[in-house]
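Numbering (my numbering), first residue to last: -18 to 226.
Glycine included, every Cβ here is placed at the ideal spot set by N, Cα and C.
Structure first, commentary second.
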């Protein structure tokens, strides 16, 4: 049987995707594009996003990244491939030493201590997202875990590059420039490209039924990304505001 030849395919980019990745992207397209047009991203790109909304998002994202790191740690236990193990370790290192550093810098400027960051209440929407990917990481094969973490990496890379291009004339004066700068880079995209390449290899000879399951995992992840930003914009902790206590 033929296998995916990464060298022959060439560099994986946002506009040059292998077949299964194209299927994933097309399946999630509606929520993906609605996500880019939602108020949180529009106002972040314009530099007009309310500071309290961004702080809410950062605190939830800080909590999210801790669980995201755990998912990668669990993925590491599901393989004997040194390359995969190294990638999972590198992602964890990036979370704790790069992304979290950005969160701390922003939070310090807002007068929020690290103790407050570590004790922040997790929103229902963030908890639904992290519970889902942690469940997959505990109970499913490696390919499911790779598909479950791909939406976060891919959506951020896509939105980061698009925001940088769309708002290039005003980005230098944007208070959220460092956020856009982090996610617009080819270095950040490289994680998505790595995941896409390995998912392509792992799914090539799977049954149609298994591929359908993975598409559902991916679309659910993109939906959770949408709700993560939407709930941050509304600063909403519970499914309905009136349920909050």
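Quick one: using the 10 Å Cβ neighbour count with 16 as the cut-off for buried, is residue i buried or exposed?
{"i": "residue 160", "result": "buried"}
{"i": "residue 170", "result": "buried"}
{"i": "residue -18", "result": "Caution is warranted here: a pLDDT of 45 is assigned to residue -18, below 50, making its placement in the model unreliable, and no coordinate value can be reported."}
{"i": "residue 165", "result": "buried"}
{"i": "residue 3", "result": "exposed"}
{"i": "residue 41", "result": "buried"}
{"i": "residue 219", "result": "exposed"}
{"i": "residue 213", "result": "buried"}
{"i": "residue 97", "result": "exposed"}
{"i": "residue 202", "result": "buried"}
{"i": "residue 107", "result": "buried"}
{"i": "residue -12", "result": "exposed"}
{"i": "residue 32", "result": "exposed"}
{"i": "residue 239", "result": "In the structure displayed, the chain extends from -18 to 226; residue 239 sits before or after that span and is not available."}
{"i": "residue 50", "result": "buried"}
{"i": "residue 223", "result": "exposed"}
Rounded to whole angstroms, what's the CA-CA distance from residue i to residue j? Just pull it up for me.
{"i": "residue 157", "j": "residue 22", "result": "11 Å"}
{"i": "residue 143", "j": "residue 133", "result": "15 Å"}
{"i": "residue 138", "j": "residue 225", "result": "33 Å"}
{"i": "residue 82", "j": "residue 46", "result": "12 Å"}
{"i": "residue 131", "j": "residue 173", "result": "6 Å"}
{"i": "residue 9", "j": "residue 57", "result": "27 Å"}
{"i": "residue -9", "j": "residue 186", "result": "21 Å"}
{"i": "residue 35", "j": "residue 116", "result": "28 Å"}
{"i": "residue 87", "j": "residue 99", "result": "15 Å"}
{"i": "residue 91", "j": "residue 215", "result": "19 Å"}
{"i": "residue 145", "j": "residue 30", "result": "16 Å"}
{"i": "residue 199", "j": "residue 129", "result": "6 Å"}
{"i": "residue 206", "j": "residue 67", "result": "26 Å"}
{"i": "residue 70", "j": "residue 64", "result": "10 Å"}
{"i": "residue 14", "j": "residue 44", "result": "25 Å"}
{"i": "residue 127", "j": "residue 147", "result": "30 Å"}
Taking the alpha-carbon of residue i as reference, which of the options has the nearest alpha-carbon?
{"i": "residue 12", "options": "147, 136, 47", "result": "136"}
{"i": "residue 162", "options": "141, 147, 177", "result": "141"}
{"i": "residue 73", "options": "15, 209, 52, 195", "result": "52"}
{"i": "residue -15", "options": "97, 7, 14, 1", "result": "1"}
{"i": "residue 77", "options": "55, 91, 48, 66", "result": "48"}
{"i": "residue 61", "options": "214, 123, 109", "result": "123"}
{"i": "residue 54", "options": "188, 199, 118", "result": "118"}
{"i": "residue -7", "options": "209, 216, 20, 178", "result": "178"}
{"i": "residue 75", "options": "191, 216, 168, 220", "result": "168"}
{"i": "residue 17", "options": "204, 216, 219", "result": "204"}
{"i": "residue 104", "options": "209, -5, -13, 176", "result": "209"}
{"i": "residue 196", "options": "-4, 5, 111", "result": "5"}
{"i": "residue 152", "options": "20, -4, 15, 24", "result": "24"}
{"i": "residue 125", "options": "19, 183, 44", "result": "183"}
{"i": "residue 217", "options": "37, 43, 7", "result": "37"}
So, under 8 Å CB-CB, residue i and residue j are touching, yes? Tell me the CB distance rounded to an integer number of Å.
{"i": "residue 95", "j": "residue 102", "result": "Actually they are not in contact, since the Cβ atoms of residue 95 and residue 102 sit about 16 Å apart, beyond 8 Å."}
{"i": "residue 26", "j": "residue 154", "result": "So it is not a contact: roughly 13 Å between Cβ atoms."}
{"i": "residue -1", "j": "residue 194", "result": "About 19 Å separates the two Cβ atoms, so there is no contact after all."}
Taking CB distances under 9 Å as the criterion, tell me whether residue i reaches chain D.
{"i": "residue 174", "result": "No chain D appears in the structure shown, which is made up of a single protein chain."}
Could you tell me if the beta carbon of residue i falls within a distance shorter than 8 Å of some heavy atom in the ligand GTP?
{"i": "residue 47", "result": "Of the ligands one can find in the structure shown there are none, so the ligand GTP has no counterpart to examine."}
Ignoring anything shorter than 4 residues or poking outside the stretch 153 to 221, list the alpha helix (DSSP H) runs there in chain order. Taking only runs of at least 4 residues, the alpha helix (DSSP H) segments lying wholly in the stretch 153 to 221 are 158 to 164, 167 to 184, 189 to 215.
Length at least 4, wholly inside the stretch 38 to 121: the alpha helix (DSSP H) runs in chain order: Taken in chain order, the unbroken stretches of alpha helix (DSSP H) that lie wholly in the stretch 38 to 121 and span 4 residues or more are 63 to 75, 81 to 90, 95 to 99, 105 to 120.
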